[in-house]
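Note that the working numbering has the sequence shown beginning at -19, numbered continuously upward. Glycine included, C-beta positions come from ideal geometry on N, C-alpha and C. Fair warning: this is a prediction, and the values are worked out from it, not measured in the lab. Reading through the structure tokens given below for one structure.
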Amino acid sequence: SLSFRDYVLTEKEFLASSVEARKSRDYWQEKLPSLNPMLAAADFPVVSTAPEERYGYSLALVPKERWRGLKHYASQKKLTGSMMVYSLFTLVLAKMAEKSSFSLELRLFRRLPFHSQVNDIMGQFSSGIVSSININTTQTLETYCSKIENQTWRDLDQSYIDLVGEKVCANDPGFSKPGIVFTSTISRYEEFVAEGAVPPMKWFGKTRTCVMQMPEQMLEMLIVENDGELECHWFYGRDYFEPTAIEKMQTMLHRLLIAAAENPEAWLENSIGDVLLLMDQGA
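What follows is the structure, given as structure tokens:
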């Protein structure tokens, strides 16, 4: 009997009056002046040809034995697999945009537990926080991943408000669309995919064709763990990226993930500068 509208109205009341929401707003208000500019279309090579289709999609897989080994090593270093993927993804963006400081949107599927049946409601439960990236080329890859991990968890603790959504709706020039988004569903794999009892994954079934049309996004990289395998889904606008550019980024990320999985201890000791240099040559 509950609807998405019921949830949204309840959330609106919560965000207007709760201590948690006020703390989140104070956190971001204090942090906003120090955040790096959001990545924009102008930061990437201009697409020279008019695309026949406006939207593109590509999928890359990391085999389960590689992914399992990488997650196991990450846990020994007090890291999560999803944040290792995210850290490497930011290096790929840095390489393509030739920038060492920038921000992008980290998107969450968030359902606040207002009701015991909140997970039975169909709707777009998402909010975006700003992930500010600063790359020091002398740091080791492990140090960089750890820094990203720690900062992300601090930000997630204050994710009651949809910072990106609010800024876009307010026409804040620093948050103009289109943007770049990273989304991970790995942290709730058992709940979403393996058991299939909780939305949204239970509605997906087995994907045959995947189409995403998001005019306000340049690129979204969504990662899913399915039957132990890592799926990297790349949704992009062809007004901003040619398929060859996406293929290049996809290849870079795949090389980094496989290299980290094959010999994580040695690979994570590399400096960020060396990793950036090796991207074009293979891991």
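Beta bridge counterpart(s) of residue i as assigned by DSSP
i    : result
L84  : S111
W214 : S38, M201
M18  : S83
T163 : R87, L202
T120 : S251
For residue i, three-class secondary structure by DSSP
i    : result
G36  : strand
N99  : helix
N206 : strand
D219 : coil
Y7   : helix
E245 : helix
E129 : helix
Buried versus exposed, by CB contacts within 10 Å (16 or more), residue i
i      : result
L121   : buried
C149   : exposed
K58    : exposed
P(-16) : At residue -16 the sequence reads Phe, which differs from the Pro that was named. Exposed.
L41    : exposed
G108   : buried
P13    : exposed
K(-8)  : exposed
Same chain, Cβ closer than 6 Å to residue i, five either side skipped, listed in chain order
i  : result
E0 : Y140
Unbroken alpha helix (DSSP H) run spanning residue i, endpoints
i      : result
F(-16) : -16 to -3
L233   : 223 to 242
E78    : Element bounds for E78: n/a, residue is neither H nor E.
S55    : 44 to 56
V148   : 143 to 149
heavy atom of the ligand GTP below 7 Å from residue i C-beta
i    : result
I252 : The ligand GTP is absent from the structure shown, which contains no ligands of any kind.
Own chain, CB closer than 7 Å to residue i, minus 5 neighbours either side, in chain order
i    : result
Q97  : L(-18)
P244 : L50, Y53
Neighbourhood of residue i by C-beta distance below 8 Å, restricted to the same chain and skipping five residues each side
i     : result
L(-5) : A1, Y140, I141
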